[in-house]
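The structure under discussion appears below in the form of structure tokens.
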Amino acid sequence: MQFDVVTLFPELVESVVHSGVTGRAVERGIISLKSWNPRDYATDVHRTVDDRPYGGGPGMVMKADCLLQAIRAARQTNPGKVVYLSPQGVPLNQALAGKLASEDGLILLCGRYEGIDERIIALEVDMECSIGDYVLSGGELGAMVLIDAVARLLPGVLGHNESAAQDSFFDGLLDCPHYTRPEELEGLSVPAVLKSGNHADIARWRKKQALGRTWQRRPELLRARQLTDSERVLLDEYVNEFDRSTELH
Ligand code: 4GX
200 MQFDVVTLFP
210 ELVESVVHSG
220 VTGRAVERGI
230 ISLKSWNPRD
240 YATDVHRTVD
250 DRPYGGGPGM
260 VMKADCLLQA
270 IRAARQTNPG
280 KVVYLSPQGV
290 PLNQALAGKL
300 ASEDGLILLC
310 GRYEGIDERI
320 IALEVDMECS
330 IGDYVLSGGE
340 LGAMVLIDAV
350 ARLLPGVLGH
360 NESAAQDSFF
370 DGLLDCPHYT
380 RPEELEGLSV
390 PAVLKSGNHA
400 DIARWRKKQA
410 LGRTWQRRPE
420 LLRARQLTDS
430 ERVLLDEYVN
440 EFDRSTELH
């Protein structure tokens, strides 16, 4: 999958190729990344990429002309959708990452300053995407988040043991707790079931924890997801044990 990123900070975005899961995906040829700097298309001596907003007010807006050229240069080799990272976009979640992972390529547009000229969105942008309800200083971190979330879903990026099917959110739930040695840490022990060797019991405990933690921390995720009969039973068990432990009866 080819990612082309239009950004004033190419070295920032390109750092994803140097480490971890995304770095390995590049090494294996599963993803490729190229950046396009609007500043390279600026024609004046100062290579200006921003200008004052029509209507006045504080801050600057990214100039349309060099941005347009950078996007169109990226389009020459990438037929994919153009995604603009912005707080006004559709929220990125695991389901959207999964849909984006089925594209052959994406062009990610990163804004700086107060934003980009709205006509760029009208002319070139297929989708606006937000990585969360907070304000970043530019779209680059958003683009890096999107690349990471999408790349790990591509075949061959993760090994068997780290398969995306085991990830939190793969089935719409938060993850269960994890433990490793030692058996006791500062008086805290590992849940006995995890040392029982009974794989069915372990799987049942993990599912129950995932359901329970989702119920406690992100109830809106449960409302968005149908529970099977056996999941209902596990969650009821968790809720009853929680009620008893907090003496709500
Ligand atoms: N998820 N930002 C975009 C420029 C901007 C300013 C105003 C439109 C209007 C963000 C996010 C994010 C900061 C990227 C502002 N664009 N991107 N940038 N949240 O906060 O993706």
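Just so we're aligned: 342 in the numbering used here is position 143 of the sequence shown, and the numbers increase by one with no gaps anywhere.
Here a beta-carbon is modelled for each residue, glycine too, at the ideal position from N, C-alpha and C.
{"query": "Would you call the segment 305-313 and the segment 340-354 in contact, with 3 or more CB pairs under 8 angstroms?", "result": "yes"}
{"query": "Tell me whether V334 counts as near the ligand 4GX, meaning its Cβ is closer than 8 angstroms to at least one heavy atom of that ligand.", "result": "yes"}
{"query": "Would you call the CB atoms of L372 and L420 closer than 9 angstroms?", "result": "yes"}
{"query": "As an exercise, report each continuous beta strand (DSSP E) stretch of at least 3 residues that is fully enclosed by the segment 320-357, in chain order.", "result": "326-329"}
{"query": "How many Å lie between V432 and R422 at the Cα?", "result": "16 angstroms"}
{"query": "Check the C-beta distance from P237 over to L266 and give it rounded, since I have them as a contact under 8 angstroms.", "result": "5 angstroms"}
{"query": "Excluding five sequence neighbours on each side, which residues of the same chain lie with their C-beta closer than 6 angstroms to the C-beta of F208?", "result": "E339"}
{"query": "Counting pairs of Cβ atoms below 8 angstroms between the segment 269-288 and the segment 318-333, do you hit three or more?", "result": "yes"}
{"query": "Compare the C-alpha of R246 against each of P376, L232, K262 and L357 and name the closest.", "result": "K262"}
{"query": "Please name the residue in E436, D203, T427 and R405 whose C-alpha comes closest to that of P278.", "result": "D203"}
{"query": "Find the nearest neighbour of L388 within the set R405, L426 and Y378, judged by alpha-carbon distance.", "result": "The amino acid occupying residue 388 in the given sequence is Ser; Leu does not appear at that position. Among R405, L426 and Y378, the Cα nearest to that of S388 belongs to Y378."}
{"query": "Out of curiosity, what's the CA-to-CA distance linking Q268 and W235?", "result": "10 angstroms"}
{"query": "Just reading off the beta strand (DSSP E) that I306 is part of, what are its end residues?", "result": "G304 to L308"}
{"query": "I think L449 touches V260, with their Cβ atoms under 8 angstroms apart; what is that distance to the nearest whole Å?", "result": "Residue 449 is absent from the structure shown; the chain starts at 200 and stops at 448."}
{"query": "Identify the residues that DSSP records as bridge partners of Q201: which are they?", "result": "S231 and G304"}
{"query": "For the beta strand (DSSP E) that L284 lies in, which residues bound it at each end?", "result": "K280 to P290"}
{"query": "Measuring from the CB of Y312, is there a heavy atom of the ligand 4GX at a distance below 8 angstroms?", "result": "yes"}
{"query": "Do you know how far the Cα of H398 is from the Cα of D239?", "result": "58 angstroms"}
{"query": "Going by DSSP, which residues form a beta bridge with E383?", "result": "S388"}
{"query": "Do W414 and V392 count as a contact pair if the criterion is CB distance below 9 angstroms?", "result": "no"}
{"query": "On the CB-based measure, 16 or more other CB atoms within 10 Å of its CB, does T242 come out buried or exposed?", "result": "exposed"}
{"query": "Are E430 and K406 touching if we call contact CB-CB under 9 angstroms?", "result": "yes"}
{"query": "Report the partner residues of I315 according to the DSSP bridge assignment.", "result": "M261"}
{"query": "Relative to the ligand 4GX, is the shortest distance from any of its heavy atoms to the C-beta of C265 smaller than 8 angstroms?", "result": "no"}
{"query": "Our contact map puts Y333 next to G258 with C-beta atoms below 8 angstroms; I'd like the distance itself, whole angstroms only.", "result": "Not quite, the Cβ-Cβ distance comes to about 18 angstroms (not below 8 angstroms), so this is no contact."}
{"query": "Between P286 and the ligand 4GX, is there a pair consisting of the residue's CB and a ligand heavy atom that are separated by less than 8 angstroms?", "result": "yes"}
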